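Residue numbers (our numbering): 3 to 406.
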């Protein structure tokens, strides 16, 4: 693995920038139109796997890049090359089309119709490059009554029927922090679609358009819950909807939380034994007696509230009882298992998740630190064959911004 914790971030940036990319997608060229949320995440996944991602950014950056600090601190831009360009300036259209003509993949996350108005819609781009995989990321899809509407992660999950499944038993739905729609149902599934289309293009020689909608991706992630609902086993009291006492979180004496999930009978048996409840009539042989669940949950709440989190960690440390502490993000980076697996990496002073999943022969890697705005403008324009005089002319017209 090339992504290691506690590295000199600027040093690795310079080294990896000058080193040929590695990973299963090495040699794949991607043009990413800068956006927010799932589009940049998709581009990051491809870059981690070795793809050369040219990020087309506007001079002021995006709302997301500003929100996350921009430059080296924009985790989703790691491994990419920033070309700061004014897409509305006619002088840059030939350059963008040249980039697209040489690319394998295009990623855009605008509302339906925006790319067409910019002059870079699918028909135009596929005419210039018939092998192009054109990835489109939206909340509602390219068509349908909601297609032109704005939305955010919880909205997409709500319409998909998924947000309702996240409610604590008898409580309000929980709005997950941009995980279900944006990242899982959005960027991750767009990357999956791109990977599939790249394989198909090897055989057919033809590109295609990918219409990735976050609301549909969110529903797909919840396929198992829809399965339970179809069987009539979701609504009411379900083992995994927090109504069961053995699949919930409990507060400890110090205010910390414990996740308790001994779902299978063999794990439940050892869980009960470790708590000394083998002969307790509320627990012995009554795991799936739903009539006793409220009483069992009340009892467990009382038991776990008597000792701090460290006590329960020690009690269940060497067991398969499926009891684990609820860690903060900072604590997660310091957990022995995550450190042993090098699950997190420091890049430009920002601790962040390492690339995943792990491939044995062509592993993913953080190819470079996130770029500064326009850091690679000159490099990318030179690669397109522009002279210094031509580059300076574009700069004078406000069509291109040089950075770095």
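Heads up, the beta-carbon is just placed ideally off N, CA and C, and yes, glycines get one too.
Given the structure is predicted, the values throughout are model-derived calculations rather than measurements.
Simplified DSSP assignment, three categories, for residue 198:
helix
Since residue 134 and residue 127 should fall inside the 8 Å C-beta cutoff, what is the C-beta to C-beta distance between them, to a whole number of angstroms?
6 Å
Member of 166, 184 and 194 whose CA lies at the smallest distance from the CA of residue 48:
Closest by alpha carbon: 194.
Quick check on residue 374: does DSSP put it in helix, strand or coil?
coil
Could you please give the first and the last residue of the uninterrupted beta strand (DSSP E) stretch that includes residue 210?
210-215
Here's a check: name, in chain order, each residue in its chain whose Cβ is nearer than 8 Å to the Cβ of residue 2, leaving out the five neighbours to either side.
Any answer about residue 2 is impossible in this case: the structure gives the chain only from 3 up to 406.
With a Cβ-Cβ cutoff of 8 Å, do residue 2 and residue 83 count as a contact?
As shown, the chain starts at 3 and ends at 406. That puts residue 2 outside it, with no answer to give.
Residue 139 and residue 78 - do their beta-carbons sit closer together than 8 Å?
No, the pair does not count as a contact, with Cβ atoms beyond the cut-off.
With a cut-off of 8 Å on the beta carbons, I'd call residue 137 and residue 109 a contact; round off their distance for me.
5 Å
Residue 291 in three-state terms, based on DSSP
In the structure shown, residue 291 adopts coil according to DSSP, grouped into three states.
Here's the rule I'm using: 16 or more other beta-carbon atoms within 10 Å means buried, otherwise exposed. How should residue 290 be labelled?
Flag for residue 290 reads exposed.
Per DSSP, which one or two residues make a beta bridge with residue 139?
214
Measure the C-alpha to C-alpha separation of residue 212 and residue 219 and round it to an integer number of angstroms.
13 Å
Sort 248, 253, 279 and 207 by Cα distance to residue 266 and report the nearest one.
Nearest of 248, 253, 279 and 207 to residue 266, Cα basis: 248.
Helix, strand or coil for residue 22 per DSSP?
Secondary structure at residue 22: coil, using DSSP grouped into helix, strand and coil.
Can you name, in chain order, every residue of its own chain whose Cβ lies under 7 Å from the Cβ of residue 388, other than the five neighbours on each side?
none
Residue 253 beta carbon less than 8 Å from that of residue 307:
Closer than 8 Å, so yes.
Kindly indicate the opening and closing residues of the alpha helix (DSSP H) around residue 355.
Element bounds for residue 355: not the alpha helix (DSSP H) but the beta strand (DSSP E), 352-355.
Quick check on DSSP: helix, strand or coil for residue 249?
coil
Could you check which residue in 116, 178 and 313 has the C-alpha nearest to that of residue 149?
116
Give the secondary structure of residue 285 by DSSP, where H, G and I count as helix, E and B as strand, and everything else as coil.
Coil, per DSSP.
Just to confirm my understanding: we take residue 9, look at its own chain, exclude 5 residues before and 5 after, and list those with CB closer than 7 Å. What are they?
For residue 9, the predicted structure reports a pLDDT of 36, less than 50, and the residue's modelled location is therefore unreliable. A value from the coordinates is still provided. Only 348 meet the Cβ criterion.
Spatially closest choice to residue 242 from 224, 255 and 259, by CA coordinates
Comparing alpha-carbon positions, the option among 224, 255 and 259 lying closest to residue 242 turns out to be 224.
Measure the C-alpha to C-alpha separation of residue 362 and residue 25 and round it to an integer number of angstroms.
10 Å
Give me the residue from 322, 356 and 320 with the minimum Cα distance to residue 334.
356
Among 168, 271, 244 and 276, which one has its Cα closest to the Cα of residue 261?
Nearest C-alpha to residue 261: 244.
Cβ contact check for the stretch 30-46 and the stretch 180-197: 3 or more pairs under 8 Å
Yes, they touch.
Ignoring anything shorter than 4 residues or poking outside the stretch 296-330, list the alpha helix (DSSP H) runs there in chain order.
311-317
Near residue 303, which residues of its chain fall below 7 Å by C-beta distance, leaving aside the five closest residues on each side in sequence?
252
For the alpha helix (DSSP H) containing residue 50, name the first residue and the last one.
40-50
Does residue 90 come out as helix, strand or coil in the three-state DSSP assignment?
coil
Pick helix, strand or coil for residue 235, following the three-state DSSP scheme.
coil
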